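The structure under discussion appears below in the form of C-alpha cells.
Numbering (UniProt numbering), first residue to last: 1 to 139.
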C-alpha cells in the first residue's frame, strides 16, 4: 500500500465541517466516518483529512493539554494545489458556500506573479486555514 498522510482536525460541528470539505472539492470517505463523531475526506489518493468532534479528538491529546482554538490562533495551514487558477477560485467559492469564510491573501499579488503561482485562502467553520494554490513553477 502506498504511504498516506492523515491530517486530524478538531471541530465543534462535524456536519458543518463536512459541508465545507465537500465545497472545497474533497472526496468523502463514507466507510471511514464514525456516525456523528468523525468525518473523513480524501485529497487525491494519499492525503486524508479527518474532522473529529472535541470529545473524540481530546482522547488523543498529551495529558494536561487542551485543544487549541483555531478561531483565535493559527497553529497550522493546510495547502492544497489545483490544476488552474479557475479551479482555485471555484474551490474557494464552493468552500465559502459550504460554510467556510474567506481567508487572507497569504502571498502578495506581485510575489505570486514573480513565483508563477496563484494563491487564495479559506477558513473552515472552526477557523482552520486552508491555502489553495495553482503553480506554473517547476518544483
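All residues carry an ideal CB built from backbone N, CA and C; glycine is no exception.
None of the values given here were measured: they were computed from a predicted structure.
- As summarised for the UniProt domain "VOC" (3 to 135), the continuous alpha helix (DSSP H) elements at least 4 residues long and confined to that stretch are 14 to 24, 54 to 58, 85 to 97 and 109 to 115, given in chain order.
- With a contact defined as Cβ atoms closer than 8 Å, residue 63 and residue 128 miss out at about 24 Å.
- A Cβ-Cβ distance of about 6 Å is found for the pair residue 46 and residue 5, placing them in contact under the 8 Å criterion.
- The C-beta separation of residue 99 from residue 20 comes to about 5 Å, placing the pair in contact by the 8 Å criterion.
- Short of 7 Å from the beta carbon of residue 42, and not among the five residues preceding or following it, lie these beta carbons of its own chain, in chain order: 26, 27, 29 and 48.
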